[in-house]
Amino acid sequence: MDLVKELMTAFEDSGINKMKIEMEGIKLELEKGPEIVQAAAPVMQAAPVMETPVKTNKVTQENVTGTPVKSPLVGTYYDSPSPEAQPFVKVGDHVSKGQTLCIIEAMKVMNEIKAPLDGTIKEILVKSEDLVEYDQTLMTLEEA
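Residue 9 is where the sequence shown starts when you use our numbering, and the numbers rise one by one after that.
Below, the structure is given as structure tokens:
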């Protein structure tokens, strides 16, 4: 039984997502799945530090005019490709449809968010490294 506990602990601490072991009459199948991420999300949302920026952003979003650019997933917002680099866009910049506006990192995957239309950046509602929610407005575009 100690061996099973050790294997489970090693599996949790590793980057492996699925493992099957069969030895000495014991069959063990372990798999990490989306349940882990879903269980972590409410804990992060319940933290008092996270509530204030989200509420502030939602209040700001109620008064937004123009075409909203929304987050397609929960993750961390980045305004540039690296900490040393210039932001992809600033307020007042003209953008073309398909141009990268920002990055949302989710589960160590960088997802580029692209402009839905040609226009001008009217407002940016989040700061780099903010936690953003699904369907949260990140910025607004004024159609060209």
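Glycine included, C-beta positions come from ideal geometry on N, C-alpha and C.
Practice item. To the nearest angstrom, report how far apart M147 and C110 are at their CA atoms. Key: One C-alpha to the other measures close to 10 Å.
**Study point:** Coil, strand or helix - K28 by DSSP
**Key:** Of the three classes helix, strand and coil, the one that applies to K28 here is strand, per DSSP.
Check your understanding: Mind checking whether G100 and T128 have CB atoms under 8 Å apart?
Key -> Yes, Cβ-Cβ distance for G100 and T128 is below 8 Å.
Review point. So is E151 in contact with chain C if we call contact Cβ pairs under 8 Å?
Key: Within the model displayed, chain C is absent; a lone protein chain is all it includes.
Exercise for review: Helix, strand or coil for K13, going by three-state DSSP, please let me know.
Suggested key: For K13, the secondary structure class from DSSP, reduced to helix, strand or coil, is helix.
Check your understanding: What is the DSSP secondary structure of E20, counted as helix, strand or coil?
Key -> Correct three-state label for E20: helix.
Point to revise | Exposed unless 16 or more other CB atoms sit within 10 angstroms - verdict on V140 | key: Burial check for V140: the Cβ neighbour count within 10 Å reaches 16 or more, so the residue is buried.
Check your understanding: Can you tell me where the beta strand (DSSP E) with G83 in it begins and where it stops?
Key -> For G83, the enclosing beta strand (DSSP E) covers residues G83 to Y86.
Check your understanding: Out of curiosity, what's the CA-to-CA distance linking I73 and D126?
Key -> It should be noted that the sequence gives Thr, not Ile, for residue 73. Their backbone Cα atoms lie some 16 Å apart in a straight line.
**Study point:** Nearest candidate by alpha-carbon position, reference S88, set V103, I112, K78 and V82
**Key:** Among V103, I112, K78 and V82, the Cα nearest to that of S88 is on I112.
Point to revise | Within 8 Å, strictly: CB atoms of E14 and N25 | key: Cβ atoms of E14 and N25: not closer than 8 Å.
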